[in-house]
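Enquirer:
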Amino acid sequence: MELGLSQHQAIKQIQTLSPQMYMSMEILCLNSMDLQDRVDTELENNETLERSSEETTGGEDASSDQAEATSSEDADGSAEPAEDPFGSLQERMERADRYFQDDAPPSRSSASYRGEKDEKLEAMSNTADRSISLQDHLEDQVHMLSDDEIAAAMRRVEASAKMSAAAQEDPGGDAPAPEAESNGAPAPPDVEAPARLDFSEAQVLEIRELCSSIIFNIDERGYLMYSLEEVRVSIDPPPAVLLLEVALDIVQDLEPTGVGGRDIVECLLLQLQKDRQDYPLEEKIIREYLSELSHNRLPKIARGLGVGIEEIKDAVQNIASLNPLPGKLFGGDPPHYVKPDVIVDEVEGAYEVRVDSDYIPRLRISSHYRDLYRQSRKDPELQKYLKKKLDNAEWLVSAIRQRQATLHKIAQEIVNIQSGFLDHGISHLKALKMADVADLLGVHVSTISRGISGKYIQTPRGIYALKFFFTGGATKSGGDVEARGSVIQRIKDFIKEEDKAKPLSDIAIVRKLEEVEISISRRTVTKYREAEGIPSSRERREY
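So, in structure tokens, the structure goes:
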């Protein structure tokens, strides 16, 4: 076998996307807030694009530019019109100017672009503050504690340690259990510790530092992720166990109540112990029957504790008022703000669709850079640079215009098809596929997918993602298709009207759906129910 290099000629036909098409597809995918950011970025990076004031229209600029171009060419006596390198670029920019003047919706008040308001300052004023984290909230409380409050915690833990030691010396005695064991937490291992606390300033300062070590080992739920021994050995040098117990006692006494628990049992018990009343039954349920409680097995709990079902129901009501995840009250992801791209108004019984464009500033192509481009015939590099910038500006405007038109057509078809939903609610939502709308508009299905991606529509029934209206469904006996959202709403209605003493099983829900000519499997009902966070029939039962 001989190896070597050789050349071959071949003819291929390859389809490539032009820069205009790339920009058009990119702009179509953007929602209103992202599009606004994109326009602002383009205004910063492309000096040939600028905001237009309401007093000066693009059409006037275009006509004046054309007159200037003609006069300058006559004065020079050079370059025939057919040889003008400005060529079709000028015609495209004139069309863009006419769009700015005639077709573009009214922009926001131009006063904000005349220096009357500081846009950056206004944006900073309207920006939400960073949410405080759980750790910061706890640290602030520790810093606010006085030395006397820390000393009180030291006395509590010291007294508990003495009672624990007495109980170990006299196992048959009536000494009360130490606090560390009364709240369900495992007792720390036997480690050498000071016999008593000396309450010195150095020891108080060390306890404050240990509080910080414990706080930063608490997860987003509010639970201490590690045992005290694991926290102790992670500190260099390892502190005395008794001091670490004082720090934990202080942290568990902070707000939110229940923070610092090592599991859900200790978390709930800490919240009960903060109340001045006694809850012996609730504490027993939390310690011994929390798993049964999560499955609503109240009769089993009543038999195990030897009390009546009514007492168990009252205790469960108290337990339900506790927060199993106290740390979730702080931090977390910032809220997701939605700005509708499409607005639907009901006018005289009909629905009118409009694409919101108030957030898009009115743009124009700078007359200064147009003149500079015309005068750049003797500088090819400058002419190439300016043509690229002017092309990008014109393509951006064209892409925005095409986006608005495409989005309006898609939204109009959705409203036409889903008018029953707008009139009567989700029970009249129709099953709809993107391919159906694509066929109606005569475009590719990918255009529909890009057009609805991340965009929202404001209707008289609320604000919805455009993807909400594209859903599969179940086929009815008559051949019609019931939308998935409509089927889920029927399931919710059945559960809402059920006998709480004998809730509907998933099989019973399937039979009820068959009564209205909807045939789906039990597994599908279970999937819909779990997706909506609806408990099973056993867990919904009321005793």
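Note that this note's numbering has the sequence shown beginning at 74, numbered continuously upward.
Cβ coordinates follow ideal geometry from the N, Cα and C atoms, glycine included.
Helix, strand or coil: which one does DSSP assign to aspartate 387?
Expert: helix
Enquirer: For threonine 597 and lysine 85, I'd like the C-alpha separation in whole angstroms.
Expert: 50 Å
Enquirer: Pop quiz: lysine 96 and tryptophan 468 are said to be a contact at Cβ under 8 Å. What is the actual Cβ separation, rounded to whole angstroms?
Expert: Sequence check: residue 96 is methionine here, not lysine. Correct: roughly 5 Å between the Cβ atoms.
Enquirer: Considering only DSSP beta bridges, list what threonine 544 is partnered with.
Expert: Leu505
Enquirer: Please name the residue in Gln475, Leu101, Gln109 and Ser609 whose C-alpha comes closest to that of arginine 370.
Expert: Ser609
Enquirer: Could you check how far apart the C-beta atoms of valine 332 and proline 399 are, in whole angstroms? I think they sit under 8 Å.
Expert: 5 Å
Enquirer: Are asparagine 119 and alanine 466 touching if we call contact CB-CB under 7 Å?
Expert: yes
Enquirer: Mind pulling the alpha helix (DSSP H) runs of 4 or more residues that sit fully within the region 434-519?
Expert: 440-447, 453-490, 492-497 and 507-514
Enquirer: Compute the Euclidean distance between the alpha carbons of isoleucine 580 and arginine 595, then round it to the nearest angstrom.
Expert: 6 Å
Enquirer: For leucine 278, count neighbouring Cβ atoms within 10 angstroms of its own Cβ and tell me buried if that reaches 16, exposed if not.
Expert: exposed
Enquirer: Quick check on the burial criterion: 16 or more other C-beta atoms within 10 angstroms. Buried or exposed for serine 219?
Expert: exposed
Enquirer: Tell me which residues share the same chain as serine 526 and place their Cβ nearer than 6 Å to its Cβ, disregarding the 5 neighbours each side in the sequence.
Expert: Cys102
Enquirer: Just how far apart, CA to CA, sit glycine 524 and tyrosine 432?
Expert: Near 18 Å, if we compare the C-alpha coordinates of tyrosine 432 and glycine 524.
Enquirer: Using C-beta distances below 7 Å, list every residue in its chain close to histidine 368, excluding the 5 sequence neighbours before and after it, in chain order.
Expert: Arg611 and Glu612
Enquirer: Exposed or buried, methionine 217, counting other C-beta atoms within 10 Å across all chains shown (16 or more means buried)?
Expert: exposed
Enquirer: If you draw a straight line from the alpha carbon of valine 380 to that of valine 389, how long is it in whole angstroms?
Expert: 13 Å
Enquirer: Output the boundary residues of the beta strand (DSSP E) element that contains leucine 122.
Expert: 122-124
Enquirer: What's the call for threonine 625, buried or exposed, on a 16-neighbour Cβ count within 10 Å?
Expert: Not covered by the structure: residue 625. The range shown for the chain is 74 to 616.
Enquirer: For the 8 Å Cβ check, are there 3 or more pairs between the region 350-366 and the region 306-324?
Expert: No, they do not touch.
Enquirer: Who are the Cβ neighbours of histidine 481 in its own chain at under 8 Å, not counting the five residues just before and after it?
Expert: Cβ within range, chain order: Val415, Val426, Arg427 and Val428.
Enquirer: To the nearest whole angstrom, what separates the beta carbons of leucine 283 and proline 310, a pair I think is in contact under 8 Å?
Expert: So it is not a contact: roughly 12 Å between Cβ atoms.
Enquirer: Whose CA, out of Arg335, Thr330 and Asp336, lies closest to the CA of leucine 345?
Expert: Thr330
Enquirer: Helix, strand or coil: how does DSSP classify alanine 393 here?
Expert: helix
Enquirer: State the beta-bridge partners of alanine 538 as determined by DSSP.
Expert: Tyr529
Enquirer: Identify the residues that DSSP records as bridge partners of arginine 427: which are they?
Expert: Note: arginine 427 sits in a beta bridge opposite Ile416.
Enquirer: My output table needs one value for lysine 373: the three-state DSSP class, helix, strand or coil.
Expert: helix
Enquirer: Between the C-alpha atoms of alanine 604 and valine 589, what's the straight-line distance to the nearest angstrom?
Expert: Each residue's CA atom was taken as its position, placing alanine 604 and valine 589 some 22 Å apart.
Enquirer: Quick one: measure Cβ to Cβ for alanine 648 and alanine 556, integer angstroms, because I've assumed they're closer than 8 Å.
Expert: Since the first residue shown for the chain is 74 and the last is 616, residue 648 is missing from the structure and cannot be characterised.
Enquirer: Please list, in chain order, all residues of the same chain as valine 516 whose beta carbon is under 6 Å from its beta carbon, the five residues on each side excluded.
Expert: none
Enquirer: Restricting to Cα atoms, I'd like to know which of Phe403, Pro92 and Ser440 is closest to arginine 124.
Expert: Ser440
Enquirer: Put valine 332 into one of helix, strand or coil per three-state DSSP.
Expert: Of the three classes helix, strand and coil, the one that applies to valine 332 here is coil, per DSSP.
Enquirer: What's the gap between the Cα of glutamate 231 and the Cα of tyrosine 410?
Expert: 51 Å
Enquirer: Report the partner residues of leucine 297 according to the DSSP bridge assignment.
Expert: Leucine 297 is bridged to Ile291.
Enquirer: If contact is defined by three or more beta carbon pairs under 8 Å, each pair taking one atom from either stretch, is the region 208-216 in contact with the region 286-299?
Expert: yes
Enquirer: Look at the alpha carbon of alanine 375 and the alpha carbon of glutamate 383, and state the distance between them as a whole number of angstroms.
Expert: Cα to Cα, alanine 375 sits roughly 9 Å from glutamate 383.
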